[in-house]
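Listed in order, the protein sequences are those of chains A and B.
Note that the numbering used here has the first sequence beginning at 1, numbered continuously upward.
Note that the numbering used here has the second sequence beginning at 1, numbered continuously upward.
The beta carbon of each residue, even a glycine, is placed where N, CA and C say it ideally should be.
Below: one structure, written as structure tokens.
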Amino acid sequence: MTITAERPETAAPIAPARRRTRRRFPVQPAAAILVAVLVLGVPFWLVIATAAKDQAEALNPDLSPPSEWRLFDNFAQVFEDGRMIAGFFGSLLVMVPAVVGVLILGSMAAWILGRRGGRLTAAIYALGISGIVLPPAVVTIVLLLRQLGLAGTALGMIGVYMGMYLSTVIFFVTGFVRTIPHELEEAARVDGAGPVRTFIRVVLPLLRPVLATATILICLYIWNDVFYALFVIGGRLDTLPLNLYQVASAGLYLQNWHLIFAYIILMSLPLLITFMVAQRRIISGITSGAVK
Amino acid sequence: MLAKGKAGPRRQDHPLWFLIPALAVLVVFFLVPTAFNFVYAFTDWSSFKSDINFAGVDNFTSLISNGTLRNALKVTLVYAVLVAIFQNAFGLGLALLLERDTRVNRAVRVAFFVPVIMSALAVGYIFQALLKPDGALNGIIGWFTGAEVSIPWLGDTTWTIVVVAIVHAWKWMGLSMLIYLAGLKTISEDVLEAARLDGAGRWTMFRSIRFPLLAPAVTFNVATALLGSMNGFDIVQATTEGGPGGTTELLNIYIFRTFGQGLFAQATTMSLVLFLLVAILAFPVIRFLRKREDVL
């Protein structure tokens, strides 16, 4: 939290050290690029090269460039075969309500938990954040959803995700609420605002930075989740990871590596584009949550 | 009224009913299924018959006697420890390599974050292709050694779990790196300058000053890596599906497989085991790591 405050004052003593390193051969940049090429470049190239080959050439995926680039033909094929559009909207259909839901319910609870003292509040807080470490009961949740008539439905999946990620929101937001001065709420109260108005007009806008962090994290988890989706909505509703699982399960049998990798590229694009556009905010959001 | 205002906000300004919606969702979708775990693990619930009967500890005794429980527990724990080691070693190495704020370093950091935002399932399939006996990695090794190499990276009953743990660490090392970078930034330049004046070399400086001061980042990274990989599924499912010979069969892989076979009670039993394992380990691990922070 104090990173930015400390930097300017200490900028001066770093300068001589920097000048010393500048004269040598650029070992560090060379090493950094080499590591990135070996560790990231090889797998990523394998994906792109294989996704651009035809089936015969992709039968045994290797690093050779495709003799003929047919990336977009393969995209077109998995777009149909992998039900991309259905998967994309299915993913959105479960992610958006779940994220909005946990943010609203989580901040409501966190505001109270951050402001009230006492044993009851502490107990509820402990219960509220226990889901951060404890794994959800994935088998019996299916049984419960059946009893509720929600098995295999988007609503059931949304509920499961909300139950899993409420803890994350409560944890992040409660910590943040405690850093907000009481006076800001007090001003609204003096103007005659009740708790609901105070929460909506004063508290929620103040929570924006921490809610942004939580949104990023939870979107990342839900968008990429396949384990819980397999149990709750597997075979009944399309999501991008579920369809990848199907494409790959069939594709491995048929040795269709080019289609698997084409699917992986297409499915990663939405998050990759979001990340490229907002990388600074995403990175600072995630690290600010981890290091207090 | 005035005195009250001075003492802080009144209770009714933060009404307890604000907690109710969140608690309702937590109870229905988290607590009740968890409580069900403790009930249905002691039944014969399966897809083969419509009624569910109490079966005592039958599920546990059969899982213990055929060695499944021991194997799954061992595999899960070994996997978690390996992931924690590799992910932190890679993340810290990257953070130290990319510490200075140059343009190249910033670009490479962003590149290392790409696996973090990718689907773990996709990462698993990429590495399955890369690690095939006639795959790209063996091709590269063969190119360097000049001989044909066909190491079955994902087919060895001893070493495959290590390989899969490295893949898991590969996916998440960008996150550890970022957290270590943030930790390195919080170390005051004065402390480092003082050590430099005392004649501390690079290694001494790292070992006795910078690494100990990274304790909060280590706590976070080790705890999340350990607990996250105990709950792992995607990467193992996409690379080995638990094989060869069950040597990478994590608890979640077992749960998924037996659930698919309709053996719901066995799956529930393992789900309960996973819950207990994490519950028993999480709190001591976090407390131990926190204590390490306090000493410093």
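The alpha helix (DSSP H) runs of length 4 or more contained entirely in the segment 170–218 of chain B are, from start to end of the chain, 189–197, 202–205. By the Cβ rule, the segment 180–200 of chain B does not count as touching the segment 55–64 of chain A, because fewer than three pairs are nearer than 8 angstroms. The beta carbons of A/Met-108 and B/Phe-29 sit no closer together than 9 angstroms. Around the Cβ of A/Val-177, a 10 Å sphere holds 16 or more other Cβ atoms; the residue is buried. Per DSSP, reduced to three states, the secondary structure at A/Phe-25 is coil, with no helix or strand assignment.
Taking a Cβ-Cβ cut-off of 8 angstroms, the neighbours of B/Leu-121 in chain A comprise Asn-224, Val-226, Pro-241, Leu-244, Tyr-245, Ala-248, given in sequence order. If you check the CB distance, B/Ala-217 and B/Tyr-254 do not come in under 9 angstroms.
The beta carbons of B/Phe-264 and B/Ser-46 sit closer together than 9 angstroms. DSSP places A/Phe-199 in the helix class (H, G or I) of the three-state scheme.
One alpha carbon belongs to B/Asn-221, the other to A/Phe-72, and they sit about 40 angstroms apart. Distance from the Cα of A/Arg-236 is smallest, within the candidate group A/Thr-153, A/Ile-286, A/Asn-256, for A/Thr-153.
In this structure A/Val-96 is exposed. Its beta-carbon is surrounded by fewer than 16 other beta-carbon atoms within 10 angstroms.
For a Cβ distance threshold of 8 angstroms, residue set Ala-32 of chain A lies close to B/Leu-98, ordered along the chain. At a cut-off of 9 angstroms, the C-beta of B/Asp-134 has a neighbouring C-beta in chain A. An exposed status is given to A/His-182, since fewer than 16 other beta-carbon atoms sit within 10 Å of its beta-carbon.
Per DSSP, the continuous alpha helix (DSSP H) segment holding A/Met-157 begins and ends at 154–177. Contact between A/Val-139 and B/Leu-121 does not hold, since the beta-carbon distance rounds to 20 angstroms and is not under 8 angstroms. The alpha helix (DSSP H) runs lying completely inside the segment 44–110 of chain A and spanning 4 residues or more are 55–58, 71–81, given in chain order.
Against chain A, a Cβ distance below 8 angstroms from B/His-14 picks out Trp-111, Ile-112, Arg-115, Arg-116, Pro-195. Under the rule that a run must span 4 or more residues, the alpha helix (DSSP H) segments found entirely inside the segment 81–118 of chain B read 103–117.
Residue environment for B/Glu-249: buried (at least 16 other C-beta atoms within 10 angstroms of its C-beta).
With respect to the 9 angstroms criterion, B/Leu-63 and B/Gln-266 are classified as neighbours on the basis of their beta carbons.
By the criterion of a C-beta distance shorter than 7 angstroms, B/Ser-271 is surrounded in its chain by Asn-37, Ile-255, once the five residues flanking it on both sides are discounted. The beta-bridge partner set that DSSP reports for A/Thr-121 is empty. Between the C-alpha atoms of B/Thr-160 and B/Asn-66 there is a straight-line separation of about 23 angstroms. Below the 9 angstroms Cβ cutoff, chain A contributes no neighbours of B/Leu-213, its closest Cβ being approximately 12 angstroms away. A/Thr-174 and A/Gly-114 have their alpha carbons spaced roughly 5 angstroms apart. DSSP assignment within the segment 251–277 of chain B yields the following whole alpha helix (DSSP H) runs of 4 residues or more, N-terminal first: 251–260. Judged by their CB atoms, B/Leu-98 and B/Val-114 are not nearer to each other than the 9 angstroms cut-off. Looking at A/Tyr-263, A/Val-47, A/Asp-62, A/Ile-218, the one whose alpha-carbon comes closest to that of A/Val-102 is A/Ile-218. Of all residues in the segment 200–234 of chain B, those with a C-beta nearer than 7 angstroms to a C-beta of chain A are Pro-216, Ala-217, Phe-220, Leu-227, Asn-231, Phe-233, Asp-234, reading in chain order.
Assigned with DSSP and collapsed to three states, B/Phe-54 falls in strand.
Within chain B, the residues placing a beta-carbon under 9 angstroms from that of A/Thr-50 are Ala-129, ordered along the chain.
DSSP places B/Trp-17 in no alpha helix (DSSP H); its state is neither H nor E. Between A/Leu-230 and A/Leu-240, the C-beta gap is not smaller than 9 angstroms, which leaves the two residues out of contact. For B/Thr-34, the C-beta contacts it makes with chain A under 7 angstroms involve Ala-137, in order along the chain.
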